[in-house]
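Participant: Got a structure for you, written out below as C-alpha cells; questions coming shortly.
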Amino acid sequence: MLKSHLIAQLLKLLAAGLLLISFAMLSRRRTQRLITLYAWQGAILFLSTCLVAWDAGLTELWYSAALTLILKVVAMPWILHRLIQRLGAQWDNEPLVNIPITMLAGLVLVIFAFGLAQPITMMATTITRHTIGIALAVILLSFLMMITRRRAITQVIGFLAMENGLFFAATSATYGMPMVIELGIALDLLVAVFILGIFFFQIREQFDSLDLHHLESLRED
Amino acid sequence: MELLLVLGFPLLGTLLLALLGSRRFAAELNVTISLATLIAAALLVLRVIRHGPLLVWHEQFFVDPFNVFLVALTAFVGLTTAIFSRPYMRIEEHHGRVTPNRLRLYHSMYQLFMGAMLLALLTNNMGLLWVAMEAATLSTVLLVSLYRTRASLEAAWKYFILCGVGIAQALFGTILLYFAAEQTLGHEGMTALLWTHLNAVKAHLEPRVLGLAFVFLLVGYGTKVGLAPLHNWLPDAHAEGPTPVSAVLSGLLLNVALYAVIRCKVLVEGSIGAALPGRMLMTFGLLTAVLGAFFLWRQRDIKRLFAYSSIEHMGIVTFAFGLGGPIANFAALLHMTLHSLTKSSIFFTAGHASQAAGTQRMDGIRGLLGISPTIGWGLMLGSIAILGMPPFGVFASEFLILTTAMREHPWATPFLLIALGVAFAGIFSKVQPMVFGESDAPPLPHSPALVPVFVHLAMVLALGLYMPPALAEWYRAAARLIG
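Structural data, given as C-alpha cells:
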C-alpha cells in the first residue's frame with residue numbers, strides 16, 4: 109500500500125508540474141523556449157504514464173508511454189526545432205499583450221476546469237483520478253494560448269499542447285484509450301505537423317512573415 | 059469483402075495517383091477509381107438489403123441502413139465530382155493556376171479524402187471515427203491551399219486551426235464516452251468504444267458524464283458541420299479551394315460530420331433521455347439556419363454565396379434531427395441526400411461560370427445563358443431546386459420538416475420560415491442577373507462536363523415527384539434506427 113500511496117503522491121506532483129508548464133507557456137515570448145517547454149510537457153507525460161503503468165500493471169500503458177517518449181519528447185520537438193532553424197525564426201520575440209490579464213484568465217479557466225471535472229473525479233476508480241481536473245485545465249490553457257498568440261508556430265505549439273492535455277485526460281480517467289486509437293491519433297498528429305511545416309514555408313513565401321496579422325483579409329464584405 | 063473493396067479502392071487510388079497523378083491520364087484514372095468505389099458501394103448496399111446489418115472484422119466495422127445510404131451517396135457524388143473535375147482542372151491548368159505537380163497532389167488527396175470519409179462512415183469504433191475525421195480534415199487542408207495564393211493559404215490556415223480545435227473537443231468527448239463505457243463494459247477486450255456495444259448498454263451509462271460528453275462531441279463535430287457560431291472556416295474554405303473540392307466539402311464532408319453527431323446523439327439519448335440533446339440540436343440548428351440565411355445577402359463571391367446556403371441547410375437538417383421522431387428523421391435524411399446532390403451540382407456550374415467569366419465575383423458574371431446555355435440553365439435550375447421550389451425534392455423534405463415543427467414545436471416555425479424566405483430572396487436576386495443578360499466572355503478552352511449536373515438535378519426532381527416504395531422503406535428503416 110505504501111508503494112501505491114507514494115505513486116499517487118508522485119503523480120500529483122507531476123500533474124502540478126504540467127499545469128505550471130502550461131502557465132509558463134502562456135507567458136513565454138521566445139519560440140525556442142516554447143518548444144523546450146513543450147518537450148518538458150512530453151517528458152512529464154511520459155513519466156506519469158510509466159508510473160501509472162507500473163502501479164496498474166498494464167502492458168498496454170508501457171507501449172503508450174514509449175510512444176509518448178518517442179513522439180512527444182524526441183520527434184516533435186526535433187521537427188519543430190529544425191523547422192524554426194530553417195525558417196530562421198529561433199530568436200524571434202513575439203510581442204505579448206497584457207500578460208497579467210492572460211494569467212488571470214488562465215486562473216479562471218483552471219477553476220472552471222476543476223468544477224467541470226468534479227463529477228468525473230467522483231466516479232473514476234483510477235489512481236490518477238484527482239488529476240482529471242488538471243488535464244482539463246491544460247486543455248483550456250492551451251486553447252487560451254492559441255487565441256492570444258498571433259504567430260503561426262506558436263499557435264501550432266498551442267495545438268500540440270492541447271493534444272498533450274487530451275492524452276493526459278485519457279490516462280487519468282481511463283488508463284488510456286485502446287492502442288489502435290492511440291496509434292491513429294499519433295499518426296494524425298505527426299501528419300498534421302508535417303503539413304503545417306510545409307505550410308509555414310508557403311505562408312512565409314507569400315507574406316514574408318509568419319505573423320498571422322497578414323492573414324486577415326478574408327472577411328465578410 | 060465488399061467493405062474491403064469500398065475502403066481499398068480509395069486507398070489504392072491515393073497511392074497510385076501519388077505516383078502517376080501528374081500524367082495526362084491521371085484525371086481519367088481518378089474517375090475510374092471513383093467508379094470502382096461506387097460499384098463496390100453498390101454491392102455493399104445490395105448485401106445489406108439482402109442480409110441485413112453487417113458486423114465484421116472483430117466488430118470494428120458496422121453497416122446498417124443509416125450509414126450504408128450515406129456510403130452510397132458519398133461514393134456516387136465522389137464519382138460525379140471526379141467526372142466534373144476532369145475538364146475543370148484542365149481548364150485551370152490552361153489558365154496557369156495549377157502545375158502538373160500540384161495536380162498530382164490534388165488527385166492523390168482527393169482519393170485520400172474519399173477514403174477517410176468512407177472509413178468514418180463505416181467504422182464501428184468511436185475512436186477510429188475520430189481518427190478518420192481528422193484524416194479527412196488534414197487531406198482537405200492541402201486541397202484548400204492548392205492554388206497557393208494568399209487568400210487560399212489564409213483559408214486553409216483558418217480551416218486547419220478552427221477544425222483542429224473543434225475536433226480536439228470531439229476527442230475529449232470521445233474520451234469521456236470511453237470513460238463512461240468502461241465503468242459498464244470494463245477495460246478488457248477493448249469493446250468499450252464500439253458503437254454496437256455502447257448502444258446495447260446505453261441505458262446503464264452514467265448520465266452526467268454522457269451529458270458532458272455530448273456537449274463536447276456536438277461542439278467538436280458541429281464545427282465540421284458548420285454549425286454557428288463555429289462556421290467561420292466554411293465559406294473561406296469553399297471559396298478559395300478548387301471548385302471540385304468545394305463540391306465534395308459541401309456535399310459530403312458536412313454530411314459525414316453530421317452523421318458522427320447523430321451517432322453520438324443516439325447513444326446519449328439512451329442515457330439521459332431525448333429532451334436535452336434534442337433541444338441542443340434544435341437551438342444550434344435554428345441559429346445556424348437563420349444566421350446562414352442573413353449572411354447570404356452580404357456575399358459578393360458566388361462560391362461564398364452557396365457556402366452560406368450550405369450552412370443554412372445544415373442548420374435545417376440539424377434542427378430536424380433535433381425534433382426527432384420517425385417523420386422528422388425521415389425528412390432530415392431525405393434533405394441530407396437532396397442537399398448533397400443539389401449543392402454539388404450548383405458548385406459544378408458555379409465553377410464553370412466563374413471560369414468563363416474569369417472571376418468569382420458575382421457582379422463580374424453576367425449572361426451565362428449567352429456563354430453556354432447548359433451552364434446557365436444548370437445554375438438556374440440548381441438554384442430553384444435548392445430554394446425548395448416544387449416540384450424539386452427539396453420542397454418535399456422542407457415541407458415535412460416545417461409541418462412536423464408546427465405540430466411539435468410551434469415556436470420554431472417562424473424562425474424556419476424567416477430563414478427560408480430570406481435565403482430565397484437572397485439567392486434568387488443574385489442568381490437571376492448572372493444567368494440572364496449580355497456577355498462577351500470568350501468560350502472555355504475545354505468543353506465542360508455538365509452531365510453530372512443534370513443527372514443530379516434529375517434525381518432531385520425524380521425524388522420530388524415520386525419516391526419508389528423500396529427507397530422510402532429504406533429511409534424509414536434508417537429513421538427508425540436514429541429513434
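Keeping their order, the protein sequence lines are chains X and W.
Remember, this note's numbering sits 108 above the position in the first sequence when you count from 1.
Remember, this note's numbering sits 58 above the position in the second sequence when you count from 1.
Think of the CB as a built atom: it goes at the ideal place given N, C-alpha and C, for glycine as much as any other residue.
Here the structure is a predicted model, which is why all the values come from computation and not from measurement.
State yes or no: is the beta carbon of VAL189(W) nearer than 7 Å to at least one beta carbon in chain X?
Facilitator: VAL189(W) counts as touching chain X.
Participant: Any idea which residues DSSP pairs VAL114(W) with across the strands?
Facilitator: The partner list for VAL114(W) (beta bridge, DSSP) reads PHE119(W).
Participant: Could you tell me whether any Cβ in chain X is nearer than 7 Å to the Cβ of VAL229(W)?
Facilitator: Contrary to the premise, residue 229(W) reads as Leu rather than Val in this sequence. At least one chain X Cβ lies under 7 Å of LEU229(W).
Participant: Express the C-alpha separation of LEU204(W) and GLN227(W) in angstroms, rounding to a whole number.
Facilitator: Straight-line Cα distance between these residues: approximately 27 Å.
Participant: I'd like the span of the alpha helix (DSSP H) that includes LEU196(W), first residue to last.
Facilitator: Per DSSP, LEU196(W) belongs to the alpha helix (DSSP H) from 184-202.
Participant: Leaving out five residues on either side along the sequence, give the residues of the same chain with a beta carbon under 6 Å from the beta carbon of GLU456(W).
Facilitator: These residues qualify, in order along the chain: GLY446.
Participant: Leaving out five residues on either side along the sequence, give the residues of the same chain with a beta carbon under 7 Å from the beta carbon of PHE124(W).
Facilitator: The answer, listed in chain order, is ALA536, LEU539, ILE540.
Participant: Does TYR279(W) come within less than 7 Å of chain X when only Cβ atoms are used?
Facilitator: So, not an interface residue.
Participant: Could you have a look at THR181(W) and say whether DSSP puts it in helix, strand or coil?
Facilitator: Strand.
Participant: Is ARG138(X) helix, strand or coil by DSSP?
Facilitator: Looking at ARG138(X) - three-state DSSP - the assignment turns out to be strand.
Participant: Closer than 6 Å by C-beta to ALA130(W): which residues in its own chain qualify, once you throw out the five before and the five after it? Chain order, please.
Facilitator: So the list reads ALA99, VAL103, once near-sequence residues are dropped.
Participant: Using a Cβ-Cβ cut-off of less than 7 Å, list which residues of the region 233-252 of chain X approach chain W; keep chain order.
Facilitator: Listed by position along the chain: ILE247, PHE251.
Participant: Spatial neighbours of GLY284(X) within its chain, please: C-beta separation below 6 Å, excluding the five flanking residues on both sides.
Facilitator: Excluding residues within five positions, the ones whose Cβ falls inside 6 Å are LEU169, SER172, ALA278.
Participant: Give the DSSP bridge partners of ARG258(X), in chain order.
Facilitator: In DSSP, ARG258(X) forms no bridge with anything.
Participant: Run through DSSP, which three-state label would ASP329(X) get?
Facilitator: Any reading at ASP329(X) needs caution, since the residue's pLDDT is 46, under 50, leaving its predicted position unreliable; the model's value is listed next. DSSP places ASP329(X) in coil when its eight states are reduced to three.
Participant: Considering only the beta carbon of each residue, do ASN159(W) and GLN118(W) sit closer than 7 Å?
Facilitator: Taking 7 Å as the Cβ cut-off, ASN159(W) and GLN118(W) do not qualify as a contacting pair.
Participant: For HIS393(W), which residues in the same chain have their Cβ closer than 8 Å to its Cβ, ignoring the five residues on either side in sequence?
Facilitator: Around HIS393(W): HIS371, ILE374, VAL375, ALA378, VAL452, SER455, GLU456, ILE459.
Participant: Just how far apart, CA to CA, sit LEU211(W) and ALA164(X)?
Facilitator: So the two alpha carbons sit approximately 47 Å from each other.
Participant: Taking DSSP as the reference, what is the three-state secondary structure of ARG356(W)?
Facilitator: Three-state result, ARG356(W): coil.
Participant: Can the beta-carbon of LEU229(W) be found closer than 7 Å to that of LEU179(W)?
Facilitator: Their beta carbons are not under 7 Å apart, which means LEU229(W) does not touch LEU179(W) by this criterion.
Participant: Just to check my reading of the structure: THR462(W) and LEU381(W) have Cβ atoms closer than 8 Å, yes? What is that Cβ distance to the nearest angstrom?
Facilitator: Correct: roughly 6 Å between the Cβ atoms.
Participant: Flag this pair as touching only if the region 266-274 of chain X and the region 220-238 of chain X have three or more C-beta atom pairs under 8 Å; answer yes or no.
Facilitator: Taking 8 Å as the limit for Cβ pairs, the verdict is that the region 220-238 of chain X does not touch the region 266-274 of chain X.
Participant: Once DSSP output is grouped into helix, strand and coil, what is the label at LEU131(W)?
Facilitator: In the structure shown, LEU131(W) sits in a helix (DSSP, three-state: H, G or I).
Participant: Which residues mark the beginning and the end of the alpha helix (DSSP H) in which GLN226(X) is found?
Facilitator: Element bounds for GLN226(X): 207-231.
Participant: Within 10 angstroms of its Cβ, does LEU475(W) collect 16 or more other Cβ (buried), or is it exposed?
Facilitator: Classification for LEU475(W): exposed.
Participant: Given a limit of 8 Å on CB to CB distance, which residues of the region 173-205 of chain W reach chain X?
Facilitator: From the region 173-205 of chain W, only ASN183, GLY185, LEU186, TRP188, VAL189, GLU192, ALA193, LEU196, VAL199, LEU200, SER203 have a Cβ closer than 8 Å to chain X.
Participant: Based on Cα-Cα distance, which residue from LEU114(X), LEU119(X), LYS111(X) lies nearest to ALA243(X)?
Facilitator: The option with the nearest alpha carbon to ALA243(X) is LEU119(X).
Participant: Looking at the structure shown, is ARG110(X) part of a helix, part of a strand, or coil, going by DSSP?
Facilitator: Residue identity differs from the one stated: residue 110(X) is Leu in this sequence, not Arg. Note: LEU110(X) maps to helix in three-state DSSP.
Participant: Helix, strand or coil, according to DSSP, for LEU252(W) in the structure here?
Facilitator: Strand, per DSSP.
Participant: Output, in chain order, the set of chain W residues within a Cβ distance shorter than 7 Å of THR262(X).
Facilitator: What THR262(X) touches in chain W: nothing, since even the nearest Cβ is about 12 Å away.
Participant: Checking contacts by CB at 7 Å: is PHE267(X) closer than that to chain W?
Facilitator: Yes, PHE267(X) lies at the interface with chain W (some Cβ there is under 7 Å from its Cβ).
Participant: Against chain X, which members of the region 211-224 of chain W pass a CB distance test of less than 8 Å?
Facilitator: Within the region 211-224 of chain W, the residues whose Cβ lies closer than 8 Å to some Cβ of chain X are LEU211, GLU212, ALA213, ALA214, TRP215, LYS216, PHE218, ILE219, GLY222, VAL223, listed in chain order.
Participant: Can you confirm whether the region 282-289 of chain W touches the region 343-353 of chain W when touching is taken to mean that 3 or more C-beta pairs between the two stretches lie within less than 8 Å?
Facilitator: Result yes; three or more Cβ-Cβ pairs closer than 8 Å.
Participant: On the DSSP bridge assignment, give the partners of ARG419(W) in chain order.
Facilitator: Answer by DSSP bridge pairing, in chain order: ASP359(W).
Participant: Just the Cα atoms here: how many angstroms apart are GLY416(W) and LEU177(W)?
Facilitator: Approximately 37 Å, taken between the alpha carbons.
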